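Participant: Supplied in structure tokens, the structure appears directly below.
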Amino acid sequence: MAKHLLITGANRGLGLTMVKHYLNDGWNVTACCREPEQAHELTQMLNQYETLSVFQLDVTDHGAVQQLADSLKNDPIDLLINNAGYYGPKGGYLGQTDADEWRRVFEINTISPLKVLEAFRHNLKQTPSSIFAVLSSKMGSMGDNSSGGAYIYRSSKAAINAVVKSLSIDLKGEDITAVALHPGWVRTEMGGPNGLIDTEESVTGLKQVLDQLNIENTGKFFDFNGREIPW
Numbered sequence: 011m012a013k014h015l016l017i018t019g020a021n022r023g024l025g026l027t028m029v030k031h032y033l034n035d036g037w038n039v040t041a042c043c044r045e046p047e048q049a050h051e052l053t054q055m056l057n058q059y060e061t062l063s064v065f066q067l068d069v070t071d072h073g074a075v076q077q078l079a080d081s082l083k084n085d086p087i088d089l090l091i092n093n094a095g096y097y098g099p100k101g102g103y104l105g106q107t108d109a110d111e112w113r114r115v116f117e118i119n120t121i122s123p124l125k126v127l128e129a130f131r132h133n134l135k136q137t138p139s140s141i142f143a144v145l146s147s148k149m150g151s152m153g154d155n156s157s158g159g160a161y162i163y164r165s166s167k168a169a170i171n172a173v174v175k176s177l178s179i180d181l182k183g184e185d186i187t188a189v190a191l192h193p194g195w196v197r198t199e200m201g202g203p204n205g206l207i208d209t210e211e212s213v214t215g216l217k218q219v220l221d222q223l224n225i226e227n228t229g230k231f232f233d234f235n236g237r238e239i240p241w
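In the numbering used here, the protein residues as written are 11 to 241.
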């Protein structure tokens with residue numbers, strides 16, 4: 011039986027590239043994004059792949075997340091990737107922190123991934139050795155922070171890393187592996203045009219990492235090359 015991926019933030023960039031890679035590897039893919047009607051490349055793939063399903067989902071609408079989970083309650087999920095994310099304001103300096111934007115970034119990057127996991131935990135439990143992966147960032151690593159700044163984004167990613175670490179402990183008995191992943195500095199809308207790698211290189215690496223994971227790796231933080239990153 012084909013394996014099943016559910017991914018958020020699938021309309022562009024890393025998310026869209028992941029959808030392509032997993033479909034081409036024979037997976038069933040449930041792709042979620044806020045505005046499917048604007049995700050032309052994603053929705054056009056519905057004509058090419060019978061194994062693709064696309065759903066409208068705003069991960070900050072926790073009621074909608076649970077409603078989707080309820081509608082898919084009988085569908086085992088082998089891999090749940092929380093890719094949806096938001097950088098927030100760039101170029102802000104100490105003394106100019108936008109508290110409202112900080113709350114929005116935390117809602118998307120930190121609170122929503124946990125709510126997504128809570129909603130789809132039942133699906134992950136239906137398949138042996140399932141994986142919950144969060145697209146985090148090395149910018150959330152305290153051990154790697156040597157340049158300061160980026161208070162809003164860094165703190166949101168450090169916080170979701172803490173969530174992943176706790177999940178790895180709480181879900182280990184259910185054979186659900188929980189990991190944080192750093193995709194690299196990628197040339198995307200969020201990463202900007204100066205990124206060091208493209209989405210193909212990042213996703214190829216991330217998929218290789220995910221393909222090799224097992225419960226012994228739970229609670230770890232890897233980059234797209236499979237190197238472990240300090241918390």
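Glycine is no exception: its CB is placed at the ideal position from the N, C-alpha and C atoms. Note that the structure is predicted; figures quoted are calculated from it, not measured.
(1) Grab the span of the alpha helix (DSSP H) containing Val115 for me, first residue to last.
(2) Looking at Ile91: is its Cβ nearer than 8 Å to the Cβ of Ala41?
(3) Which residue comes first and which comes last in the alpha helix (DSSP H) that contains Thr214?
(4) By a C-beta neighbour count over all protein chains shown, 10 Å radius and 16 as the cutoff for buried, is Tyr32 buried or exposed?
(5) Measuring alpha carbon to alpha carbon, tell me which residue in Arg237, Leu16, Glu111 is nearest Ala79.
(6) Since I believe Gly19 is in contact with Ala94 (beta carbons under 8 Å), could you give me their beta-carbon distance rounded to a whole number of angstroms?
(7) Is DSSP giving Ser139 helix, strand or coil here?
(8) Can we say the stretch 58-67 touches the stretch 99-113, given the rule of at least three CB pairs closer than 8 Å?
(9) Residues in its own chain within less than 7 Å of Val75 by CB, not counting five upstream and five downstream?
(10) Taking Cβ to Cβ, would you say Ile141 is nearer than 8 Å to Thr187?
(11) Can the beta-carbon of Tyr103 be found less than 8 Å from the beta-carbon of Tyr163?
(12) Just to confirm my understanding: we take Val115, look at its own chain, exclude 5 residues before and 5 after, and list those with CB closer than 6 Å. What are they?
(13) For a quick check, are the C-beta atoms of Ile239 and Ser139 less than 8 Å apart?
(14) Can you list, in chain order, the residues of its chain with a C-beta nearer than 6 Å to that of Leu7? Leave out the 5 residues immediately preceding and following it.
(15) Is Leu134 buried or exposed, if buried means 16 or more other CB atoms sit within 10 Å of its CB?
(16) So, using beta-carbon positions, are Phe24 and Val196 closer together than 8 Å?
Facilitator: Per the coordinate set shown:
(1) Unbroken alpha helix (DSSP H) run through Val115: 109-116.
(2) Contact: no.
(3) Run containing Thr214: 209-221, per the alpha helix (DSSP H) assignment.
(4) Tyr32 comes out buried.
(5) Minimum Cα distance to Ala79 is reached at Leu16.
(6) About 3 Å separates the two Cβ atoms, so the contact holds.
(7) Coil, per DSSP.
(8) In this structure the stretch 58-67 does not touch the stretch 99-113; the number of beta carbon pairs closer than 8 Å is below three.
(9) Its chain contains Leu67, Val69, Lys125, Val126, Ala129 as the residues whose beta carbon lies nearer than 7 Å to that of Val75, once the 5 sequence neighbours on both sides are disregarded; these appear in chain order.
(10) Contact flag set, yes.
(11) No, the Cβ-Cβ distance between Tyr103 and Tyr163 is not below 8 Å.
(12) Counting only Cβ-Cβ distances below 6 Å, and skipping sequence neighbours, we find Tyr96, Gly98, Ile162, Ser166.
(13) Against a cut-off of 8 Å, the Cβ pair of Ser139 and Ile239 comes out as no contact.
(14) This structure cannot speak to residue 7, because the chain is shown only from 11 to 241.
(15) Buried.
(16) It is worth fixing the name first, because residue 24 is Leu in this sequence and not Phe. Contact: yes.
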